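**Q** Those protein sequences? They're chains Z and V, same order as listed.
In this text, residue positions in the first sequence follow the working numbering: the first is 190, and each later residue adds one.
In this text, residue positions in the second sequence follow the working numbering: the first is 190, and each later residue adds one.
This is the structure, below, for whatever I ask next.
Number of protein chains: 2
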Amino acid sequence: MSDDAARATPPASVTGRVLLILSVFEQSLAPRSLTEISAETGLALSTTHRLVGELEEWGALQRDPNGRYQIGLRLWELGQHAGRQVREIARPLLQDLYSLTQRTVHIAIRENSEALYIDRVYGTRRVPQASRVGGRLPLHATAVGKVLLAFDEPWVRDAILAQPLESRTPLTHVDPVALRKELALVVERGFAIAVEEVREGSASIAVPIFQRTGGIGAALGLVAERGEADSLERHLPAMRGIARRIEASVGAFPLRSLGIRPTNGRL
Amino acid sequence: MSDDAARATPPASVTGRVLLILSVFEQSLAPRSLTEISAETGLALSTTHRLVGELEEWGALQRDPNGRYQIGLRLWELGQHAGRQVREIARPLLQDLYSLTQRTVHIAIRENSEALYIDRVYGTRRVPQASRVGGRLPLHATAVGKVLLAFDEPWVRDAILAQPLESRTPLTHVDPVALRKELALVVERGFAIAVEEVREGSASIAVPIFQRTGGIGAALGLVAERGEADSLERHLPAMRGIARRIEASVGAFPLRSLGIRPTNGRL
DNA sequence: AGTATGCTTCCACTCACCGGAAGTGCCGAG
DNA sequence: CTCGGCACTTCCGGTGAGTGGAAGCATACT
Numbered sequence: 190m191s192d193d194a195a196r197a198t199p200p201a202s203v204t205g206r207v208l209l210i211l212s213v214f215e216q217s218l219a220p221r222s223l224t225e226i227s228a229e230t231g232l233a234l235s236t237t238h239r240l241v242g243e244l245e246e247w248g249a250l251q252r253d254p255n256g257r258y259q260i261g262l263r264l265w266e267l268g269q270h271a272g273r274q275v276r277e278i279a280r281p282l283l284q285d286l287y288s289l290t291q292r293t294v295h296i297a298i299r300e301n302s303e304a305l306y307i308d309r310v311y312g313t314r315r316v317p318q319a320s321r322v323g324g325r326l327p328l329h330a331t332a333v334g335k336v337l338l339a340f341d342e343p344w345v346r347d348a349i350l351a352q353p354l355e356s357r358t359p360l361t362h363v364d365p366v367a368l369r370k371e372l373a374l375v376v377e378r379g380f381a382i383a384v385e386e387v388r389e390g391s392a393s394i395a396v397p398i399f400q401r402t403g404g405i406g407a408a409l410g411l412v413a414e415r416g417e418a419d420s421l422e423r424h425l426p427a428m429r430g431i432a433r434r435i436e437a438s439v440g441a442f443p444l445r446s447l448g449i450r451p452t453n454g455r456l
Numbered sequence: 190m191s192d193d194a195a196r197a198t199p200p201a202s203v204t205g206r207v208l209l210i211l212s213v214f215e216q217s218l219a220p221r222s223l224t225e226i227s228a229e230t231g232l233a234l235s236t237t238h239r240l241v242g243e244l245e246e247w248g249a250l251q252r253d254p255n256g257r258y259q260i261g262l263r264l265w266e267l268g269q270h271a272g273r274q275v276r277e278i279a280r281p282l283l284q285d286l287y288s289l290t291q292r293t294v295h296i297a298i299r300e301n302s303e304a305l306y307i308d309r310v311y312g313t314r315r316v317p318q319a320s321r322v323g324g325r326l327p328l329h330a331t332a333v334g335k336v337l338l339a340f341d342e343p344w345v346r347d348a349i350l351a352q353p354l355e356s357r358t359p360l361t362h363v364d365p366v367a368l369r370k371e372l373a374l375v376v377e378r379g380f381a382i383a384v385e386e387v388r389e390g391s392a393s394i395a396v397p398i399f400q401r402t403g404g405i406g407a408a409l410g411l412v413a414e415r416g417e418a419d420s421l422e423r424h425l426p427a428m429r430g431i432a433r434r435i436e437a438s439v440g441a442f443p444l445r446s447l448g449i450r451p452t453n454g455r456l
């Protein structure tokens, strides 16, 4: 039963194999044993052993008391460098917004065909929600995603709406024609709303954050409980105010690193 | 003039070379050109080109509009997995503490011989400070560091106090004998203070966060301006309350991943 | 046009990588 | 206590992926 080595092609290059090992830890955060890593990557056990050993020595992976591997702190430190200025600038402003609204607020950018949550501020009182920092959600099913999509260039929108749209809940809008109309309305009004489209029990609203160089850079979102779905718009003034301040502070730093990578064909 | 390839030994293994390239970006966050990476690592340009190319394709690095490389978002995402639970649990509590005190607050753990800042909450009103998330500072010169040192096992304290202690400002305490007394006082009183020891103009106070399994796991710190140095202790009740709540919430998750890596000899 | 600089591509040699196999250590069953 | 099973670690010879010098491009500056 354990021969589910559903591995396509063990990459030819060593670099590829190393990165493949790291990829294993993207799927879930659970620590893995050497054997599990070997099975999931399709690499020979001795090869896995050597590569994982080097990764551990450097600090990219670390072992827990049971000898299982997980992502190491050194990699976390390194990752903090990516987009550091932007997050450091936006964070206190997100906090201000949280203080004003007492609702979970977050900021997301488009990464290929998904919304990537780059920061979030929330209180101890938990609201059902799907987003997490460093996590991704579909563009069409979230308020931030709709904003990102609505204000992006037409060909991006076309490419994403052409793909099959995943339905996360019974309420997810998945009809491309209807979505296109909805996005036009988002542009017109300057905000987007999603009610229980990605997770039952929660509703969200989002506004765009534009870049100085033009074009949309990120989206600022707010999450509330289902019951507040009809009164979300009352948060708009605060959200827009904070969005403007983020735009002003971020200044020259580009939010979106690049549009779409030319190398990897499909969006 | 460009032969300052102050590189010790280009590592034999490909994995080592790949990690060496990533290490370049630990030093500073500035984006680098291919040639710079090649020079800093001591790897041949064509080799660098190929490895960097693979890293970029995977998303570990990304290029800015000028073609320079920096840490990629995929690496950031991956890094978010390290210690995710702990940060997600602690974050809202840090925010509560910030709301209560209106001062920058942070949480740090000991990583080898330095304090590693794993999260921080701060407002728009900036105070001079040295810490940043994902950054490190010396244990002996910070309030959190003193707490981490004071409550750790004796042999750790001995090892660190045996090394030469860096002086960040004229006020840094660097005398091992005096420090040892200071740390004893920290244990007795249950908190540590550092006034302008790491950065002029700022003072900080910290309390320990213990692990359920026993031993110190992290330190909770608060930063204020120099002028408040004498009244820092008034924040203690709030800090201790939040520290207790973090301890309760963190529960079984180990804060410190491991004590000290056995492989890399020196602490 | 001319030159300098930095990036990309190419290719034959060779050395580091691969992986089967044997060795080690641990645990639980008999 | 012994045995078998499991997971990890170490070893080693064949070989193909990695290396880096060199040549080809693309910009930018004179």
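We put the CB at the ideal spot given by N, CA and C, even for glycine.
As the structure is a prediction and not an experimental result, all values here were calculated from the model.
In the DSSP assignment, find the unbroken alpha helix (DSSP H) run with glycine 410 of chain V in it and report its ends.
**A** From DSSP, glycine 410 of chain V is part of no alpha helix (DSSP H) but of the beta strand (DSSP E) over 405 to 414.
**Q** Compare the C-beta of alanine 297 of chain Z with all C-beta atoms of chain V and state if any pair is closer than 8 Å.
**A** No, its Cβ sits nowhere closer than 8 Å to a Cβ of chain V.
**Q** Under the assumption that isoleucine 296 of chain Z contacts valine 439 of chain Z (Cβ atoms under 8 Å), give the Cβ distance between them as a whole number of angstroms.
**A** So it is not a contact: roughly 11 Å between Cβ atoms.
**Q** Where do the N-terminal and C-terminal ends of the alpha helix (DSSP H) with leucine 305 of chain V fall, by residue?
**A** From DSSP, leucine 305 of chain V is part of no alpha helix (DSSP H) but of the beta strand (DSSP E) over 303 to 310.
**Q** I'd like the span of the alpha helix (DSSP H) that includes glutamate 377 of chain Z, first residue to last.
**A** Looking at the DSSP string, the run of the alpha helix (DSSP H) that includes glutamate 377 of chain Z is 365 to 378.
**Q** With distances taken from CA atoms, which of Z:Thr236, Z:Glu243, Z:Gly416 is nearest glycine 390 of chain Z?
**A** Looking at the Cα atoms, Z:Gly416 is the closest of the given residues.
**Q** So for histidine 238 of chain Z, helix, strand or coil by DSSP?
**A** Histidine 238 of chain Z: helix per DSSP, three-state reduction.
**Q** Run down chain Z in chain order and give the residues with a C-beta less than 8 Å from the C-beta of aspartate 341 of chain V.
**A** Under the 8 Å cutoff, chain Z gives no residues; its nearest Cβ is about 17 Å from aspartate 341 of chain V.
**Q** Determine, using beta carbons only, whether arginine 346 of chain V and leucine 305 of chain V come nearer to each other than 8 Å.
**A** No, the Cβ-Cβ distance between arginine 346 of chain V and leucine 305 of chain V is not below 8 Å.
**Q** Closer than 8 Å, CB to CB, is tyrosine 258 of chain V near chain Z or not?
**A** It does not; no Cβ of chain Z falls within 8 Å.
**Q** Which class does leucine 348 of chain V belong to by DSSP, given the choice of helix, strand or coil?
**A** Note that residue 348 of chain V is alanine in the sequence shown, not leucine. DSSP places alanine 348 of chain V in helix when its eight states are reduced to three.
**Q** Quick one, which residues of the stretch 201 to 218 of chain V are near chain Z if we go by CB-CB under 7 Å, in chain order?
**A** Those residues of the stretch 201 to 218 of chain V that come within reach of chain Z (Cβ to Cβ, closer than 7 Å) are Ser202, Val203, Thr204, Gly205, Val207, Leu208, Leu211, Phe214, Glu215, Leu218.
**Q** Any C-beta of chain V sitting closer than 8 Å to the C-beta of proline 281 of chain Z?
**A** With 8 Å as the cut-off, proline 281 of chain Z counts as an interface residue toward chain V.
**Q** Residues of chain Z with a CB under 8 Å from the CB of leucine 305 of chain V: which are they?
**A** Result: Leu262, Glu266.
**Q** Assign arginine 221 of chain Z to one of three DSSP states: helix, strand, or coil.
**A** Correct three-state label for arginine 221 of chain Z: strand.
**Q** Where DSSP assigns a beta bridge to glutamine 251 of chain V, which residues make up the other side?
**A** Bridge partners of glutamine 251 of chain V: V:Gln259.
**Q** Looking at the secondary structure, which residues open and close the beta strand (DSSP E) in which alanine 392 of chain Z lies?
**A** That run of the beta strand (DSSP E) goes 391 to 399.
**Q** Let's see if you can read the secondary structure: which residues bound the beta strand (DSSP E) around alanine 271 of chain V?
**A** Taken as a continuous stretch (DSSP letters only), alanine 271 of chain V belongs to no beta strand (DSSP E), as it is neither H nor E.
**Q** Under three-state DSSP, which class holds alanine 297 of chain Z?
**A** It is a strand residue.
**Q** Indicate whether at least one CB of chain Z lies closer than 8 Å to the CB of glycine 313 of chain V.
**A** Looking at the sequence shown, residue 313 of chain V is not glycine but threonine. It does: the Cβ of threonine 313 of chain V has a partner Cβ on chain Z nearer than 8 Å.
**Q** Of all Cβ atoms in chain V, is any one closer than 8 Å to the Cβ of glycine 272 of chain Z?
**A** Answer yes: the Cβ-Cβ gap between glycine 272 of chain Z and chain V drops below 8 Å somewhere.
**Q** My assumption, with CB atoms under 8 Å, is that valine 387 of chain V sits in contact with alanine 339 of chain V. Please give the rounded CB distance.
**A** Actually they do not touch by this definition, with Cβ atoms about 17 Å apart.
**Q** Taking the DSSP output, what are the residues bridged to arginine 325 of chain Z?
**A** Answer is Z:Leu305.
**Q** Residues in its own chain within less than 8 Å of arginine 325 of chain V by CB, not counting five upstream and five downstream?
**A** Glu300, Glu303, Ala304, Leu305, Tyr306.
**Q** Whole angstroms is fine: what's the gap from alanine 228 of chain V's alpha carbon to serine 202 of chain Z's?
**A** Between alanine 228 of chain V and serine 202 of chain Z, the C-alpha separation is close to 23 Å.
**Q** Could you check the C-alpha separation between asparagine 255 of chain Z and serine 222 of chain Z for me, to the nearest Å?
**A** The straight-line gap from Cα to Cα measures roughly 9 Å.
**Q** Is the stretch 268 to 282 of chain Z touching the stretch 257 to 267 of chain V in the sense that three or more CB pairs, one from each, lie closer than 8 Å?
**A** The stretch 257 to 267 of chain V, when compared against the stretch 268 to 282 of chain Z, does touch it at the 8 Å Cβ threshold.
**Q** So which of Z:Asp341, Z:Glu342, Z:Leu368 has the shortest CA-CA distance to proline 353 of chain Z?
**A** Comparing Cα positions, the closest option is Z:Leu368.
**Q** Starting from the Cα of alanine 427 of chain Z, find the closest Cα among Z:Asp285, Z:Leu250, Z:Val322 and give me that residue.
**A** For alanine 427 of chain Z, the nearest C-alpha among the options comes from Z:Asp285.
**Q** Between aspartate 308 of chain Z and valine 366 of chain V, what straight-line distance do the alpha-carbon atoms span, to the nearest angstrom?
**A** Their backbone Cα atoms lie some 43 Å apart in a straight line.
**Q** Of all Cβ atoms in chain V, is any one closer than 8 Å to the Cβ of glutamine 318 of chain Z?
**A** Glutamine 318 of chain Z does not count as touching chain V.
**Q** The alpha helix (DSSP H) that contains alanine 332 of chain Z, what's its start and end?
**A** Element bounds for alanine 332 of chain Z: 332 to 340.
**Q** Run the CB neighbour count on valine 294 of chain V, radius 10 Å, all protein chains shown included, and call it buried at 16 or more, exposed below.
**A** Valine 294 of chain V should be labelled buried.
**Q** Look at the alpha carbon of asparagine 453 of chain Z and the alpha carbon of leucine 409 of chain V, and state the distance between them as a whole number of angstroms.
**A** For asparagine 453 of chain Z, the pLDDT reaches just 31, beneath the cut-off of 50, and the residue's location in the model is therefore unreliable, leaving the point undetermined.
**Q** What number of angstroms, rounded off, separates the C-alpha of isoleucine 405 of chain Z from the C-alpha of isoleucine 431 of chain Z?
**A** Isoleucine 405 of chain Z and isoleucine 431 of chain Z: Cα-Cα distance of roughly 15 Å.
**Q** With 8 Å set as the bound, which would you pick, yes or no: does the beta-carbon of glutamine 284 of chain Z sit closer than that to a beta-carbon of chain V?
**A** Output row for glutamine 284 of chain Z: interface = yes.
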